[in-house]
Amino acid sequence: MDIFGIPLQAFLGQLLLGLVNGSFYAMLSLGLAVIFGLLGIVNFAHGALYMIGAYVAWIGLEFFGINYWLALIVSPLVVGALGVVVERTLLKPLYKLDPLYGLLLTFGLALIAEGLFREQFGVSGQQYNVPELLQGATDLGFMILPNYRAWVVFASLVVCLSTWFVIEKTRLGSYLRAGTENPALVQAFGINVPLMVMLTYGAGAGLAAIAGVLAAPVIQVTPLMGSNLIIVVFAVVVIGGMGSILGSIITGLSLGLVEGLTKVFYPEASSIVVFVIMAIVLIVRPAGLFGKEK
Amino acid sequence: MIFKFNKLSAACAIAATTLMGAVGAAQAQFSGDVIKVGLITDMSGLYADIDGPGGVEAIRMAVADLGGAIAGKKIEVLYADHQNKADVAAAKAREWFDTQGVDLLIGGSNSGTSLAMAKVAEEKKKVFISVGAATSALTNEQCNPYTIHWAYDTVALAKGTGNAVVKAGGKNWYFLTADYAFGAALQNDTTTVVKAAGGNVVGSVKHPLSASDFSSFLLQAQSSKADILGLANAGGDTINSIKAAAEFGITKTMKLAGLLVFISDIHALGLKTTQGMYLTDSWYWNRDAETRAWGRKYFEKMKRMPTSVQAGDYSAAYNYLQAVKAIGTDDADKTLAQLKKAKVNDIFAKGGFVRGDGRMVHDMYLMQVKSPDKSTEPWDYYNVVQTIKGEDAWTTKADSKCALWK
């Protein structure tokens, strides 16, 4: 059976692959949405944090024998700590200024990080092997799906849903949301808002790092991996609605599917289809699909 | 008294004029009193390990081998990052020719940028040697008198790897192609070779340059039921394609033919993943004693073995500087004439020469990647299967569409 001239098998295979990519987009845009939605910082360093997360995992494996499973915990902690330091020392003094300064700063940090890693490691990338438990592939009939990719979908859904739950449904999350909407008032209630802001940035960085560790066995760990993805991730966040956590998760998954289908029917457009959609969404619904007009 | 004075002033006048004339002539020989060699290449993107900063270092080695100066005029090396954008490369080339007085422009990776720079060099009537780019169009449809293509091109790659793979039994091909000048040229040239050797092309798919995920393109390749997957891409794209192909079990049903693979790519992927793969290249550091010596010298500085492009950068700069030395001027037309006259005998090629269409003709090497147990030291990755002689490797006069070479 053919759909638009593509055999059903191939079609389903592409949809599944689109879902796998979409879960990457969802996870990465989640960290970005958390930082932007709650802190109002346009974090251009997000791609670099993702890349550093992957490198921490690789360095951990090469020199310290930290395996993949440990790296899933160690890497976000390390990168989160880095994020906390960056926020405290570099971003905090910029809050009273135009948000453009924060944007420029994070962009500059991204370039510095990429440059440093490129100097040290070159661009061809490092090998990071799939952990033994997840090696091999399953024959689904219409395609062969590597087990690792199935794990990526599962892990990202878990991370995304737990983050959404913490922010929207728990007390801590409600402090966070209140604290960023009206910091003075919330601080008057005795809640340490600057500390929360700092930890939130760290958490966003940690999310980027988890995405990096998940990505390491799939694509080469290279200094360029962040810059290749970051623009698409920004587009996802803008389409989903800059402040909406759920929006970025759903949009990430859907855009992954759309991109996957584009690769089948018109591959030359696969790198720009996300931006075409972003342009349309911005014209029709400027706040994004799930965003709220401020 | 008057007589003496006249004679004296006459003598002074003659001496002064001669001296000025001599100084004037000397200035006319080396523009700006300095010889400038510039490299515009991908310094930070997916091709940076193939050429990049290593290419700059290789050119510096060539300058050092000439003592850093010719006839007392210093040799300067400039470099710039074109970020794989043809307009950036063209603008930089123009700026260098107009305001910096660059005498030799060397083109690094990325065919689109080399095509753009070749046009600028033709317009400004300056010497342009393309080393890192692959497209055969540089010496074919788009040839011009100011462009020399030094190291390799898509025709040589196609003839080398294409023929070898079809002979080994790979008759049905599917191409995974980088969507720009280089990928298209490589796919075209390889298709011609495959068809001529009795194979056929089942289909192809184009991917954007520097794509991070190849899974969906590979899935399409797999459903085509071809037995050879021709990778018409390079650098980071090739590395990612090969990695993904192994992950998705493509290698169980299809053989991979890497149409442009450099030693930096093999180093990144490892011998386990790439063993047995055929590739065609213009130079290998472990080929003979001379190349080994040069390779190790480069290794001391860069801590990596040089790729064929980096060796090509050295050779292009070295031969250009030798030409300048031989004729005593850096005038573009005269140096080009000298380059097209002299033979190339250095660590890169033996018995090489520049043809009428700008092609530097030399031997190419069909090689196969070693298995891990056969590799005796780091970077010892290849077995040379066959030396493809210069007269067989490149576009023939009959096939050429170059107006200069008739």
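If you read the sequences in order, they're chains D and E.
Under this note's numbering, read the first sequence as residues 1 to 294, first letter to last.
Under this note's numbering, read the second sequence as residues 1 to 406, first letter to last.
Where is the CB? At the ideal position from N, CA and C, for every residue including glycine.
Bear in mind the structure is a predicted one, so any value in this text is a computation, not a measurement.
Under the three-state reduction of DSSP, His-82(E) is assigned to coil, being neither helix nor strand. A distance below 7 Å between beta-carbons, with the five flanking residues on each side excluded, links Ser-227(D) to the following residues of its chain, in chain order: Gly-47 and Glu-114. A check of alpha carbon separations from Gly-276(E) across Ala-326(E), Lys-374(E) and Leu-219(E) identifies Lys-374(E) as the nearest. Checking the DSSP bridge columns, you'll see Val-354(E) partnered with Met-360(E).
Of all residues in the segment 190 to 205 of chain E, the ones placed with a Cβ closer than 9 Å to any Cβ belonging to chain D are Val-205, in chain order. Chain E has no Cβ within less than 8 Å of the Cβ of Lys-92(D). Cβ contact annotation for Gly-256(D) (same chain, cutoff 8 Å, sequence separation greater than five): Gly-18, Leu-19, Val-20, Asn-21, Gly-22, Ser-23, Phe-24, Tyr-25 and Ala-26, in chain order.
In this structure, Tyr-284(E) sits away from Ala-257(E), with a CB-CB distance that is not shorter than 8 Å. Assigned with DSSP and collapsed to three states, Val-261(E) falls in coil, not helix or strand. Scanning the segment 204 to 233 of chain E for uninterrupted alpha helix (DSSP H) segments of 4 residues or longer gives 215 to 223, listed from N- to C-terminal end.
For the 8 Å CB-CB criterion, Gly-204(D) and Ile-35(D) form a contact. For Trp-294(E), same chain residues with a beta-carbon under 6 Å away, outside a window of 5 residues either side, are Ile-347 in chain order.
For the C-beta of Ile-239(E), the chain D residues within less than 8 Å are, from N- to C-terminus, Ser-124, Gly-125 and Gln-220.
Look at His-82(E): its C-beta is not under 8 Å from any C-beta on chain D. For Ala-137(D), the nearest beta carbon of chain E is closer than 8 Å to its own beta carbon. Annotation: Gln-120(D) has no Cβ neighbours in chain E at a cutoff of 9 Å; minimum Cβ distance is about 11 Å. For Leu-224(D), at least one C-beta of chain E is nearer than 8 Å to its own C-beta.
For Gly-236(E), the C-beta contacts it makes with chain D under 8 Å involve Val-123, Ser-124, Gly-125, Gln-220, Thr-222 and Leu-224, in order along the chain. Close to chain D, meaning a Cβ-Cβ distance shorter than 7 Å, are the following residues of the segment 242 to 266 of chain E: Lys-243, Glu-247, Phe-248, Gly-249, Ser-264 and Asp-265. If you look at Asn-188(E), you'll find it in the alpha helix (DSSP H) that goes 181 to 196.
Looking at the DSSP output, Ala-69(E) bridges to Lys-74(E).
Put simply, the CB of Ala-221(E) is far from chain D, with every gap to its CB atoms at 8 Å or more. By the Cβ-count criterion, Ser-174(D) is exposed, with fewer than 16 other Cβ atoms from all chains shown falling within 10 Å of its own Cβ. Chain-order list of chain E residues neighbouring Leu-229(D): Ser-212, by C-beta distance under 8 Å.
The C-alpha of Asp-237(E) lies about 9 Å from the C-alpha of Asp-213(E). When Cβ pairs closer than 8 Å are counted between the two stretches, the segment 138 to 152 of chain D is seen not to touch the segment 61 to 72 of chain E, the count staying below three. Using beta-carbon distances, His-362(E) does not count as an interface residue toward chain D, since no partner is under 8 Å. The Cβ of Pro-208(E) sits closer than 8 Å to at least one Cβ of chain D. Counting only Cβ-Cβ distances below 8 Å, Leu-46(E) has contacts in chain D at Val-123 and Leu-224, in chain order.
Ser-162(D) carries a helical assignment under DSSP once its states are collapsed to helix, strand and coil. Of all residues in the segment 190 to 222 of chain D, only Val-218, Ile-219, Gln-220 and Thr-222 come within less than 8 Å of chain E when Cβ atoms are compared, listed by chain position. Bounds of the alpha helix (DSSP H) holding Gln-338(E) are 332 to 341. DSSP places Lys-96(D) outside both helix and strand once states are collapsed to three, so it counts as coil.
Phe-128(E) is bridged by DSSP to Leu-105(E) and Thr-147(E). In the structure shown, the three-state DSSP call for Val-202(E) is strand.
Chain D places a beta carbon closer than 8 Å to that of Asp-179(E), counting this residue as a contact.
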